[in-house]
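Single-structure report; data block below.
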Amino acid sequence: MPRSGGPRLVPPLLLLLLLLLPEALSTAPGPASAKTKRPKEPGENKIKPANKRGKPTAAPGKDRDSVAAVPKTSSIMMQVMEKGRFQKPAATLSLTAGQTLELRCKGNKVGWSYPEYLNTFKDSRLSVKQHDRYGQLILVNATAADTGEYSCWLQVCTGYVCRKDEAKAGATYIFFTEKGELFVPSPSYFGVVYLNPDREAIVPCRVTVPSAKVTLHQEFPAKQIQSNGSIVYDMKRGFVYLHPQPDHQGVVYCRAEAHGAPQISIKYQLLYVEVPSGPPSTTIVASSNRVSGGDDITVLCTVLGEPDVEVEFRWIYPGLQDERPVTIQDTWRLVSRGLGRTTRLSQSVLTLQDFETIDAGYYMCTAQNPRGQTTVATIVQSA
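For the sequence shown, this note's numbering gives the first residue as 95, with consecutive numbering after it.
Below is the structure:
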């Protein structure tokens, strides 16, 4: 039997548990005390690896597809500044007349486009060269008339066939500001604008100062033409008639004002076009379809077309291979068709003197414009 009344011995395992009990109680969860820190928000104090950059994740679905579908484009144009510095030109630049403009475009075969005025007059102030690694355009002593868009593109060639690389191109529109010239000068003192019912018409009163305020005016009866949904102003093009109508006809001019100095443009005659776009509408008629030997004969080929569309004529006649002497004369003039409508009358006249038997047969006239060609014929016989 166990001994009673004396001290009991505590087993070693129980003694170890009693020693660890206070520490376990201190770390057990329980009510927060006043000094307890606020609960951490989800995601706080997460350890992030240092010096490690993750790739951005594209948004799933349609947005990711649309971004991937957009082709990457990079401007290859640089503007040469003073002291040999280079910078990419902005979409629009404003430079002072008299300066030298130098543009470079990267590539071993570069195409260029610049204001038509410089190309029409073969201006010696303009120089375009191709170097090993870039194309170069230099314009010296720039004037207000040089205002316009300057662009370049890389040409990709296979043999003798070249195409424009749309992804490698560059462009800038440059305003050359010149004292006393608010409008880009015109080579003539009077302009004609044709109003076609199926396309835009432009009154080309462009400015050299981007901040200029420009208005459009009718000469008679004198009034300002309001810009609205059908007439808008574009400082790079002029006043644009989006949907030309017969009542838009008349003489108009533009007025510009900048820094308190107003200026008037040249006048423009607006003519409404009656003939629709298309291949030439052609007729042919001979002075006589039965001719006696020794007589003279004329064959007339006529086209009624758009006032601003040129027509070219070609003839085939019986004596062509035998080199029979004929005279061919081409003329054209504008003709009023009533109600203010205007058409272009183009004619070609073939004249043959001293008719012979060899001259009998078909006389064929082919009229051609940029939209197609038409061939008509008439027969001439010996009497």
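Where a beta carbon is used, it is the ideal one built from N, C-alpha and C, also for glycine.
Apart from the five residues just before and just after residue i, which ones in its own chain have a Cβ nearer than 8 Å to its Cβ?
i	result
lysine 317	His311
threonine 436	Tyr288, Leu365, Tyr366, Val367, Glu368, Pro401, Leu428, Val429, Ser430
asparagine 383	Thr472, Ile473, Val474, Gln475
glutamine 467	Pro373, Pro374, Thr460, Ala461
Would you kindly work out how many angstroms separate the C-alpha atoms of residue i and residue j, rounded to a whole number?
i	j	result
lysine 330	methionine 175	24 Å
arginine 438	asparagine 202	45 Å
glycine 186	serine 169	A quick correction: the sequence has threonine, not glycine, at residue 186. Near 14 Å, if we compare the C-alpha coordinates of serine 169 and threonine 186.
asparagine 322	aspartate 328	13 Å
valine 470	proline 412	15 Å
serine 440	phenylalanine 180	52 Å
valine 255	proline 304	39 Å
lysine 258	glycine 178	29 Å
alanine 263	tyrosine 244	11 Å
glutamate 260	leucine 197	19 Å
valine 420	serine 324	51 Å
isoleucine 319	aspartate 240	28 Å
arginine 227	cysteine 199	9 Å
glutamine 415	tyrosine 456	13 Å
proline 340	proline 291	9 Å
serine 218	arginine 465	34 Å
phenylalanine 277	alanine 236	15 Å
lysine 216	glycine 229	19 Å
leucine 248	glutamine 173	17 Å
glutamate 417	methionine 171	55 Å
glutamine 355	histidine 342	Sequence check: residue 355 is alanine here, not glutamine. Roughly 29 Å between the two C-alpha positions.
valine 204	glycine 253	16 Å
valine 346	glycine 387	57 Å
Beta-carbon within less than 6 Å of residue i's beta-carbon, same chain only, minus the 5 sequence neighbours each way: which residues are those?
i	result
serine 476	Thr451, Ala454
proline 298	Gly332
valine 403	Asn463
lysine 307	Glu351
serine 280	Ile360
valine 222	Trp206, Leu231
serine 381	Ile391, Thr392
arginine 300	Val278, Gly332
serine 442	Cys395, Phe407, Asp424
alanine 162	In this prediction, alanine 162 has a pLDDT of 44, which is less than 50 and means its spatial position is unreliable; nothing more can be read from the coordinates.
Verify whether the separation of the beta carbon atoms of residue i and residue j is less than 7 Å.
i	j	result
cysteine 246	tryptophan 206	yes
leucine 336	glutamate 294	yes
leucine 289	proline 209	no
tyrosine 362	glycine 285	yes
isoleucine 422	leucine 444	yes
threonine 460	arginine 408	yes
valine 385	isoleucine 378	no
leucine 220	leucine 195	no
tyrosine 283	isoleucine 358	no
proline 183	threonine 309	no
glutamate 406	valine 367	no
glycine 344	leucine 364	yes
valine 334	isoleucine 296	yes
valine 397	threonine 376	yes
aspartate 389	phenylalanine 449	yes
Ordered along the chain, which non-local residues of its own chain (more than five positions away) have a Cβ less than 7 Å from that of residue i?
i	result
glutamate 275	Ala238, Thr302
isoleucine 41	In the structure as shown, the chain starts at 95 and stops at 477, and residue 41 therefore has no counterpart that could be examined.
leucine 212	Leu220, Asp240
glutamine 447	Asp390
histidine 225	none
### Query
Between the region 370-380 and the region 342-351, do at least 3 Cβ pairs fall closer than 8 Å?
In this structure the region 370-380 does not touch the region 342-351; the number of beta carbon pairs closer than 8 Å is below three.
### Task
Would you check if there are 3 or more beta carbon pairs closer than 8 Å linking the region 181-198 to the region 263-272?
Yes, they touch.
### Message
As an exercise, report each continuous beta strand (DSSP E) stretch of at least 3 residues that is fully enclosed by the region 357-406, in chain order.
### Response
Every beta strand (DSSP E) of 3 residues or more that sits fully in the region 357-406 is shown, in chain order, as 361-367, 375-380, 391-399.
### Query
Which full runs of the beta strand (DSSP E) of 3+ residues lie inside the region 234-306, going along the chain?
Fully enclosed beta strand (DSSP E) runs of 3 or longer: 242-252, 255-271, 284-289, 295-297.
### Task
List in chain order: all unbroken beta strand (DSSP E) runs of 3+ residues lying wholly within the region 167-221.
Complete beta strand (DSSP E) runs here, min 3: 171-174, 186-190, 195-200, 204-207.
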